[in-house]
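Encoded as structure tokens, the structure appears first; notes follow it.
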Amino acid sequence: MTLLILAVNACLINNVVLSQFLGICSFLGVSKKSDTAKGMGAALTFVLTLSSFVCGVLYNVLLVPLHLEYLKTIVFIVIVAALVQFVEMFTKKYAKNLYEALGIYLPLITTNCAVLGVALLNVQNGYGILTGTVYGFATALGYWIAIQLLSYIREKMIYNDVPKSFQGFPIVMVTAALMSIAFFGFSALK
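This is the structure we're talking about:
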């Protein structure tokens with residue numbers, strides 16, 4: 404039950420994009436079309452879940468016993484970079500259209516502060532390997548929900564009469580802000 408509460412909290416209440424404001428660059432950049440948002444959500448879910456697991460294992464099994472906790476940030480960055488390279492090679496070979504649609508945003512998962520932020524939050528909150536992995540998966544799922552919702556809204560916005568000063572990026576920022584306010588309503592679930 405505790406893992407379920409943690410997952411709901413990470414996914415909806417403390418949504419990584421709309422509440423903690425991590426991972427904004429890919430959230431805004433890839434959300435123009437629902438297909439690319441779906442691909443980014445899937446890629447980030449894979450990377451975030453696997454990196455939470457691998458970082459948790461390395462931190463608890465290697466860094467803590469050897470008293471090398473101060474190396475956690477460097478080790479986590481290397482792990483995330485390796486996983487993103489794997490995802491990039493996989494999508495380039497097996498999902499060419501998705502690879503081209505994601506463009507520069509796929510390798511930018513490496514620098515997505517949400518991925519490193521979750522690994523560091525797992526350590527800061529004292530989560531074990533299983534709890535950290537569940538937290539990573541739920542956080543990624545929350546990211547996926549947010550980017551998918553924004554992509555659906557953006558696809559429908561092109562048919563709306565938006566004032567000239569709000570066209571383009573400004574209306575996207577207003578929409579993201581309204582989504583953030585809507586997700587704030589989930590805080591009553593605590």
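Sequential numbering from 404 applies to the sequence shown in the numbering used here.
From the three backbone atoms N, C-alpha and C, an ideal C-beta is built for every residue, glycine too.
Environment of residue i [buried if 16+ CB atoms lie within 10 Å]
{"i": "phenylalanine 489", "result": "exposed"}
{"i": "glycine 529", "result": "exposed"}
{"i": "phenylalanine 479", "result": "buried"}
{"i": "glycine 539", "result": "buried"}
{"i": "serine 454", "result": "buried"}
{"i": "tyrosine 546", "result": "buried"}
{"i": "asparagine 500", "result": "exposed"}
{"i": "threonine 405", "result": "exposed"}
{"i": "threonine 476", "result": "exposed"}
Beta carbon proximity, residue i to chain B, threshold 8 Å
{"i": "valine 433", "result": "The question asks about chain B, but that chain is absent: this structure has only one protein chain."}
Rounded separation between residue i and residue j - CA only
{"i": "serine 583", "j": "alanine 541", "result": "17 Å"}
{"i": "alanine 445", "j": "threonine 578", "result": "23 Å"}
{"i": "leucine 533", "j": "phenylalanine 569", "result": "45 Å"}
{"i": "valine 419", "j": "isoleucine 427", "result": "9 Å"}
{"i": "glutamine 515", "j": "glycine 588", "result": "Here residue 515 turns out to be asparagine, not glutamine, going by the sequence shown. If you take the alpha carbons of asparagine 515 and glycine 588, they lie about 26 Å apart."}
{"i": "asparagine 412", "j": "leucine 553", "result": "20 Å"}
{"i": "isoleucine 556", "j": "leucine 465", "result": "45 Å"}
{"i": "leucine 469", "j": "glycine 459", "result": "15 Å"}
{"i": "aspartate 438", "j": "glycine 506", "result": "13 Å"}
{"i": "lysine 436", "j": "glutamate 558", "result": "6 Å"}
{"i": "isoleucine 574", "j": "tyrosine 473", "result": "42 Å"}
{"i": "glycine 571", "j": "glycine 442", "result": "22 Å"}
{"i": "isoleucine 482", "j": "lysine 496", "result": "21 Å"}
{"i": "valine 518", "j": "aspartate 564", "result": "37 Å"}
{"i": "glutamate 503", "j": "tyrosine 562", "result": "26 Å"}
{"i": "valine 537", "j": "asparagine 417", "result": "14 Å"}
Option in the options with minimal Cα separation from residue i
{"i": "isoleucine 512", "options": "Phe449, Phe589, Gln423", "result": "Phe449"}
{"i": "leucine 451", "options": "Gly520, Glu503, Gly571, Leu581", "result": "Gly520"}
{"i": "leucine 461", "options": "Ala440, Tyr502, Leu505, Ala522", "result": "Ala522"}
{"i": "phenylalanine 586", "options": "Ala498, Ala410, Val526, Leu415", "result": "Leu415"}
{"i": "leucine 524", "options": "Tyr508, Gly432, Phe456", "result": "Phe456"}
{"i": "leucine 581", "options": "Leu407, Ser422, Ala410", "result": "Ser422"}
{"i": "leucine 409", "options": "Leu486, Ser429, Gly531, Pro566", "result": "Gly531"}
- Message: Threshold first: 4 residues or longer. Then list the alpha helix (DSSP H) segments lying entirely within the segment 516-546, N to C.
- Response: 516-527
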